[in-house]
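Remarks on the structure that follows.
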Amino acid sequence: MDTLAPNGRAVTHTEYGPYGELVKSQGRAEYRADFGYAGMQYHAASGMYLTQYRAYDPGTGRWVSRDPIGELGGINLYAYVGGNPISLTDRRGLATREQINAAVQILRETFPEVLAASPNSITGVAGLSGVLGNELGGKTDLSGNIQYNADHYGADGVPVDEVELDNFLQTIAHEMQHLNESSRDRIGINIGEWIRNITRNDCWSIEDQIDRNADVMYKQTRNGFRRRLGL
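Residue numbers for the sequence shown follow numbering that gives the first Met the number 0, so the first one is 0 and each next one is one higher.
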């Protein structure tokens with residue numbers, strides 16, 4: 000990583016190991032940027048990196064305090080990105096689980112009658128598709144397990160990009176409405192969607208109404224959702 004002067008010339012050069020351990024540092028200290036490895040703020044006195052919720056020690060490759068959301072972020076409360084720093088980052092010290100929990104909680108609190116049921120699990124799945132192979136943003140089975148499209152929102156343990164948070168909240172609001180359905184309801188919805196896709200007839204379906212409901216829900220909760228995430 001380089002720090003550039005106004006004329007575009009590199010005045011510092013820093014290289015890191017996989018877990019943020021310093022490999023090479025060149026240039027004058029006064030030019031060195033405050034933010035370094037994975038975009039985290041560097042604390043020179045301790046040699047640690049600071050995030051919104053906790054400090055990270057590059058020497059051990061671990062957080063120095065427990066995950067504030069407990070085991071919802073994983074069994075190991077001190078692990079950094081599940082031991083995979085090459086592919087993943089966690090700039091805030093929290094993973095996607097915090098975003099999922101915040102979305103579910105604020106939606107259920109705001110719409111307790113419509114969203115009375117709570118999902119058993121919410122996980123990211125790459126290449127999520129419907130019966131006919133059409134791409135889906137989300138999917139809910141009859142056991143109350145919700146899947147979201149990891150191609151849109153990132154894999155498990157990877158924070159959803161801030162620009163996608165509104166779409167993510169809308170997707171969760173949409174899928175949580177499916178938790179109220181019986182097997183007979185689901186069969187009816189699937190048949191309706193199948194007929195519409197086969198005939199290419201853009202007629203109204205229950206899915207349309209669920210999606211409209213989800214639009215209303217996310218618009219009424221988006222500000223509170225972002226506040227809970229510290230945004």
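Glycine included, every Cβ here is placed at the ideal spot set by N, Cα and C.
- Contact annotation: the segment 129–142 touches the segment 165–174, with at least three C-beta pairs closer than 8 Å.
- DSSP assignment within the segment 126–183 yields the following whole alpha helix (DSSP H) runs of 4 residues or more, N-terminal first: 149–152 and 164–176.
- The DSSP-derived three-state label of residue 50 is coil.
- Straight-line spacing of the CA atoms in residue 227 and residue 210 works out to 24 Å.
- Boundaries of the alpha helix (DSSP H) around residue 217: 205–227.
- If you compare the alpha carbons of 229, 35 and 181 with that of residue 161, the shortest gap goes to 229.
- Rounded to the nearest angstrom, the gap between the Cα atoms of residue 148 and residue 140 is 14 Å.
- Taken through DSSP and simplified to helix, strand or coil, residue 63 comes out as coil.
- If the five residues before and after residue 78 are omitted, its C-beta is found closer than 8 Å to the C-beta atoms of 61 and 62, all from its own chain and listed in chain order.
- In the DSSP annotation of this structure, the continuous segment of the alpha helix (DSSP H) that includes residue 103 starts and ends at 95–109.
- Distances from the alpha-carbon of residue 118 to those of 146, 53, 219 and 44 put 146 closest.
- Selection 64, 107 and 207 evaluated against residue 219 yields 107 as nearest (Cα-Cα).
- Across the set 97, 151 and 114, the C-alpha of 151 shows the shortest separation from the C-alpha of residue 128.
- Residue environment: residue 42 is assigned as exposed (fewer than 16 neighbouring CB atoms within 10 Å of its CB, all protein chains considered).
- Excluding the 5 residues flanking it on each side, residue 57 has same chain C-beta neighbours closer than 7 Å at 18, 19, 20, 36 and 48, in chain order.
- DSSP, read as helix, strand or coil, puts residue 21 in strand.
- Here residue 143 is actually not in contact with residue 123; their C-beta atoms are around 17 Å apart, not less than 8 Å.
- Residue 10 sits in a strand when the DSSP states are folded into three classes.
- Burial state of residue 159 is buried, judged by a 10 Å Cβ sphere holding 16 or more other Cβ atoms.
- Exposed is the label assigned to residue 208, since fewer than 16 other Cβ atoms lie within 10 Å of its Cβ.
- Looking at the DSSP output, residue 124 bridges to 148.
- Taking the CA atoms as reference points, residue 111 sits about 11 Å from residue 103.
- At a Cβ-Cβ threshold of 8 Å, residue 22 and residue 16 count as neighbours.
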